[in-house]
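Asker: In terms of the numbering used here, the numbers along the sequence shown are unbroken and rise by one, the last being 388. Just so it is clear, CB atoms sit at the ideal spot from N, CA and C, and this is done for glycine as well. It should be emphasised that the depicted structure is a prediction, and the values quoted were computed from it without experimental measurement.
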Amino acid sequence: MTIEKIGSTDPLSNLNKTDKTQKSAKNGKKDTINLSEEAKSKAEIYNATEAAKMAPSIRVDRVEEVKKKLEDPSYINDKLIGDLADKIIEYFEI
295 MTIEKIGSTD PLSNLNKTDK TQKSAKNGKK DTINLSEEAK SKAEIYNATE
345 AAKMAPSIRV DRVEEVKKKL EDPSYINDKL IGDLADKIIE YFEI
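Structure below.
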């Protein structure tokens with residue numbers, strides 16, 4: 295009785311063979327990508343998070359300075375609140 299070769303003994307041999315890739319035909323069109331608003335929002339959050347991670351560590355001296363200012367009841371007044379509101383409006387371009 296003779297046993298003839300059935301196939302390769304290496305089960306991955308078929309995976310090692312690759313076909314040649316074909317170059318795409320040039321039709322004058324450029325590739326485009328459209329991002330959803332949700333994707334843009336998540337990218338913005340991701341970028342802000344990464345920027346926060348890269349920011350210098352907390353300056354304890356400045357934190358203590360602000361804490362002392364906030365303990366003074368006369369520090370928070372109508373002028374300070376108005377200035378802060380103006381900065382927020384300017385920042386968010388409202």
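Helix, strand or coil: which one does DSSP assign to R356?
Answerer: The count along the sequence shown starts at 1 and reaches residue 356 at position 62. Helix.
Asker: Rounded to a whole number of angstroms, what is the C-alpha to C-alpha distance between R356 and N371?
Answerer: Here residue 356 refers to the residue found at position 62 of the sequence shown. Here residue 371 refers to the residue found at position 77 of the sequence shown. Those two C-alpha atoms are separated by around 21 Å.
Asker: Measuring from the CB of D325, is there a heavy atom of the ligand MN at a distance below 8 Å?
Answerer: Annotation note on the ligand MN: not contained in the displayed structure, which lists no ligands.
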